[in-house]
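**Q** Numbering-wise (the numbering used here), the sequence shown opens with residue 156 and increments by one. My questions will all concern the structure given below.
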Amino acid sequence: MDCSDNEEKDKRDKVVVKISSDGDDFNIEVENGEGEKTAYSFSLKYIDNSRNGLFLYSYEHNEESPLFKEGKFPPVVYHKIKEYYHEHENINKKDADASLMPFVSDNEVNIKEENNAALLWYLEQYERVFMAYHEQVKELYRKFHETPAERSNYISSTPTMNKIEEIYLNAIGEMTYYNSLYNSVYNLKFTLENREEDERNRSLRQKVFNIQNTITRIKWIKDKANTEYQQQVTDKSMFLAIRGVAVGIIGIIVGVVGIIVGIVSFIV
C-alpha cells in the first residue's frame, strides 16, 4: 500500500481527524480527544474525475460517527481532501463562510453529464463565497477609512491594507476554480447566455450576475483603498522632505547671522 507519510490533522468538536492517501483513495481515522485510540475510520474510494476539476468518491460510514451530523459529510474532511489537491489552500475557521461545502448524494452522479447536479451545486455556492469575501473587504475598508489613525498615518494603516490585499488575492484564487467550472463544457445553464425563462433558470442567471458584480466590487474597494494608502505614503514623504529642507534653511540663516555678527565685531 502506497500511503502518504503526511497525515493531515484537524481538531473539531473534540476529535482529531487524520487523513492519509492510498493511491487515489483516502483513509480517514478519527480519534477521541488528544491522541487517544482510534474511535472509528472510513475510506473514500475514487470513482472518476472530470476535466473541470470535479472528483467523484464513494464512502460508507458508521451512523454513530460524531462527524456525520444529521447525515452530512464532514466539512473538515472535505477541506483536507481539497488541500491534498491544492496544497496552497489555507482554510481558516474564521473564514468558514468563504469555504465551499461538499456535494453529497445517495445516488451516483455522472460528473461528465451536462448541467450535472454536482457541477451546479458548486457553481451556485460561489455566490455565497464571493459575497463573504466582499463583506470582509468592505469591513476592512470601513476601518481603514473611518479610523483617524489609519486615515492619516500610513504606518497605522499598513496592516489593514495588507489584509485587504490578502483577501483580494484569496478571492482571485477562488476565481481560478470558479472559472474552471464556469467554462466547463458541461455547464450550459449557469451562464448569462441561458435564456430559459422558468424560475430555476432565472435564479441561475441572477447568481451569475451577482458573482460577476461582487468580484467587480471587491476589486473596486481594493483599488480605492490602495489609492488612498499610496496618497498617505506620498504625503508622509513630502512632509519629511519639507521638514528636511526647513531644517537646512534654519541652519543657513544661523550661519549668515554668525557671519554678520563677526563682521560687525570686526568693524567695531
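By construction, the Cβ of each residue, glycine as well, lies at the ideal position given by its N, Cα and C atoms.
Quick check: ILE174 and VAL259, are their CB atoms within less than 8 Å of each other?
**A** Here residue 174 refers to the residue found at position 19 when the sequence shown is read from its first residue. Here residue 259 refers to the residue found at position 104 when the sequence shown is read from its first residue. Not closer than 8 Å, so no.
**Q** Around the C-beta of ILE370, are 16 or more other C-beta atoms found within 10 angstroms, so that it is buried, or is it exposed?
**A** Translated into the one-based positions of the sequence shown, residue 370 becomes position 215. Counting other Cβ atoms within 10 Å of its Cβ, ILE370 reaches 16 or more and is therefore classed as buried.
**Q** Tell me whether the beta-carbon of LEU343 lies closer than 8 Å to the beta-carbon of ASN270.
**A** Counting from 1 along the sequence shown, the entry for residue 343 is found at position 188. Counting from 1 along the sequence shown, the entry for residue 270 is found at position 115. Their beta carbons are under 8 Å apart, which means LEU343 touches ASN270 by this criterion.
**Q** Can you tell me whether LEU274 is buried or exposed? The criterion is at least 16 other CB atoms within 10 Å of its CB, across all chains shown.
**A** One-based indexing of the sequence shown puts residue 274 at position 119. Buried, since its Cβ has 16 or more Cβ neighbours within 10 Å.
**Q** Out of ILE376, GLN387 and PRO257, which has the shortest C-alpha to C-alpha gap to LEU278?
**A** In the sequence shown, the residue the question calls residue 278 occupies position 123. For the set ILE376, GLN387 and PRO257, the Cα lying nearest the Cα of LEU278 is the one of PRO257.
**Q** Under three-state DSSP, which class holds ILE174?
**A** The residue given as residue 174 occupies position 19 in the sequence shown. Reduced to three states, the DSSP call for ILE174 is strand.
**Q** Would you say the stretch 308-323 touches the stretch 377-389, given that touching needs at least three Cβ pairs under 8 Å?
**A** yes
**Q** Look up TYR201 in the DSSP assignment and give the residues it is bridged to.
**A** On the sequence shown, residue 201 is found 46 positions in, with the first residue counted as 1. According to DSSP, TYR201 bridges with TYR212.
**Q** How would you label TYR288, buried or exposed, when you count the other beta carbons within 10 angstroms and need 16 or more for buried?
**A** By one-based count along the sequence shown, residue 288 stands at place 133. Flag for TYR288 reads buried.
**Q** Just to confirm before moving on: does the CB-CB distance between VAL171 and ILE183 stay below 8 Å?
**A** As a working note, residue 171 is residue 16 in the sequence shown. As a working note, residue 183 is residue 28 in the sequence shown. No, the Cβ-Cβ distance between VAL171 and ILE183 is not below 8 Å.
**Q** Can you tell me which of VAL292, SER254, PHE299 and LYS200 puts its alpha carbon nearest to the alpha carbon of GLU282?
**A** One-based indexing of the sequence shown puts residue 282 at position 127. The candidate whose alpha carbon is nearest that of GLU282 is SER254.
**Q** Which residues in the same chain have their Cβ closer than 6 Å to the Cβ of ASN356, if we skip the five residues on either side of it in sequence?
**A** In the sequence shown, residue 356 corresponds to position 201, counting from 1. ASN349, listed in sequence order.
**Q** Candidates GLU186, GLU321 and VAL284: which alpha carbon is nearest TYR296's?
**A** Translated into the one-based positions of the sequence shown, residue 296 becomes position 141. Looking at the Cα atoms, GLU321 is the closest of the given residues.
**Q** Looking at SER335: is its Cβ nearer than 8 Å to the Cβ of ASN207?
**A** What you label residue 335 is simply residue 180 of the sequence shown in a count that begins at 1. What you label residue 207 is simply residue 52 of the sequence shown in a count that begins at 1. Yes, Cβ-Cβ distance for SER335 and ASN207 is below 8 Å.
**Q** Count the other C-beta atoms from every protein chain shown that fall within 10 angstroms of the C-beta of LYS377, then say buried if there are 16 or more, exposed otherwise.
**A** Locating residue 377 in the sequence shown gives position 222, where the first residue counts as 1. Flag for LYS377 reads buried.
**Q** Could you spell out where the alpha helix (DSSP H) holding TYR281 opens and where it closes?
**A** Numbered from its first residue, the sequence shown carries residue 281 at position 126. TYR281 -> alpha helix (DSSP H) spans 272-301.
**Q** In this structure, what does DSSP give as the bridge partners for PHE181?
**A** Numbered from 1 along the sequence shown, position 26 holds the residue referred to as residue 181. SER176 and LEU199.
**Q** Buried or exposed: where does TYR333 fall if 16 or more other Cβ atoms within 10 Å of its Cβ makes it buried?
**A** Residue numbering aside, residue 333 sits at position 178 when the sequence shown is read from its first letter. Per the 10 Å Cβ criterion, buried.
**Q** Between TYR201 and TYR212, how many whole angstroms is the CB-CB distance? I'm expecting something under 8 Å.
**A** Within the sequence shown, residue 201 is the residue found at index 46, counting from 1. Within the sequence shown, residue 212 is the residue found at index 57, counting from 1. Correct: roughly 6 Å between the Cβ atoms.
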